[in-house]
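In my numbering, the protein residues as written are 133 to 355.
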């Protein structure tokens, strides 16, 4: 995918590769490229335009550095390593992202894999996408099918759609609105389930619960 939103500045891959070649550093980077990716390109967020930094070229490994505002990943089959950003949008497909702490994160493309240190908010609307975090993701919304989210802590989790999976060691408020979703928590304060055929497990605490619909299975500790 090479189309970019208006008023954005796509990364000039050709110019960057030429600069790398002149610096003599490209050959050492190419050795670390995954088998499915073609080129490794260093990118600095100083290239960011008014509406963000756009990574638009397919089959490229991007190494992003600097202070980032908005990063838009529209490429397919890319690999992206990046620092903290205020906004991160992933609209391409089959892309792998490894990122530091983020502000707003939107994963709209399908079959993406995103690893985050932490995030203020996360929306997963791309089917089959997976997001993991070893830290806190404050607000999580899943609005698709076949997606998965795993984090250490989640303040608010809302799962819509069907066939999704979500887990958190520590949760506060979780709402399941859809069918055939699977959720697990170690500790959870409040749980609301609407829909059919959902499975929710809380292993250490008994949350305040409201469950409606049919075929839902909720496993919590006894009082």
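Glycine included, C-beta positions come from ideal geometry on N, C-alpha and C.
Beta strand (DSSP E) segment containing residue i, residue limits
i           : result
residue 306 : 297-311
residue 266 : 262-277
residue 247 : 245-248
residue 331 : 331-334
residue 351 : 349-351
residue 236 : 234-239
Where residue i sits in the DSSP three-state scheme
i           : result
residue 158 : With a pLDDT of 33 at residue 158, under the threshold of 50, the predicted position of this residue should be treated as unreliable, and no value is reported.
residue 320 : coil
residue 178 : helix
residue 198 : coil
residue 184 : strand
residue 326 : strand
residue 284 : strand
Test item: CB-CB of residue i and residue j under 8 Å
i           : j           : result
residue 310 : residue 331 : no
residue 210 : residue 227 : yes
residue 302 : residue 290 : no
residue 356 : residue 216 : The chain is shown only over 133 to 355; residue 356 falls outside these bounds and no answer can be derived.
Classification of residue i by the beta-carbon crowding that lies within 10 angstroms, buried from 16 upward
i           : result
residue 335 : exposed
residue 178 : exposed
residue 292 : buried
residue 182 : exposed
residue 342 : exposed
residue 349 : exposed
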